[in-house]
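Asks: Counting in numbering that gives the first Met the number 0, the sequence shown runs from 0 upward without gaps.
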Amino acid sequence: MTHSTAYAPSKAFRLASIAVLLIGIACYLVGLFNAQMALNEKGYYLIALLYGLFSAVSLQKCIRDRQEQIPTSNIYYLLSLVSTVLAIVLLVFALWRAELLLSEKGFYGIAYLMSLYAAIAVQKNVRDGQGLVTDTPAPTANNTEGEE
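(1) Distance check for residue 70 and residue 59, CA to CA, integer angstroms please.
(2) Assuming residue 27 and residue 107 form a contact by the criterion Cβ under 8 angstroms, report the distance between their Cβ atoms to the nearest whole angstrom.
(3) Once you ignore the five residues that flank residue 111 on each side, which residues in its own chain have a CB closer than 7 angstroms to its CB?
(4) Thinking residue 7 and residue 105 are a contact (beta carbons under 8 angstroms), I'd like their distance in whole angstroms, please.
(5) Rounded to whole angstroms, what's the CA-CA distance from residue 96 to residue 40? Just pull it up for me.
(6) Indicate, with yes or no, if the ligand FMN has a heavy atom lying under 8 angstroms from the CB of residue 62.
(7) Over the uninterrupted alpha helix (DSSP H) stretch that includes residue 209, give me the two end residues.
Now the structure itself:
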């Protein structure tokens, strides 16, 4: 298996990516919890976030698999791409039609996109970390060094 990078992401970048993901999701959810809207609207916005996170990570994984020549079906790639675009379009449409202040609409949009971007970065960091090969062999159960 060939990898496009030979370097692991720095610990600071990994932690920053996780922090941004958690902050984005937390801000979105706190805003949703405090919003003066019907429960079904809150559910819609919550599902839009979860759907967006899943589809963005799925698309990133599919693209990365193709870069590393790991077989991925075209239908799965297309579904991931369409799902990611659809998740963003659904949120944009909901915000456009919502009776919210413009600042609230912007808050939800930024928190949503920040969360999607951070989820992709975290997934990439996980994948980059898995692709590294160490020079030292892993210990085995049959290793008898030190025994006489």
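Beta carbons: idealized from backbone N, C-alpha and C, even for Gly.
Just so you know, these numbers come straight off a predicted model, no measurement behind them.
Replies: Short version:
(1) 14 angstroms
(2) 7 angstroms
(3) 27, 48, 51, 90
(4) Not a contact, Cβ separation roughly 36 angstroms.
(5) 12 angstroms
(6) What this structure holds is no ligand at all, so the ligand FMN is not there to describe.
(7) There is simply no residue 209 to check, as the chain begins at 0 and stops at 147 in what is shown.
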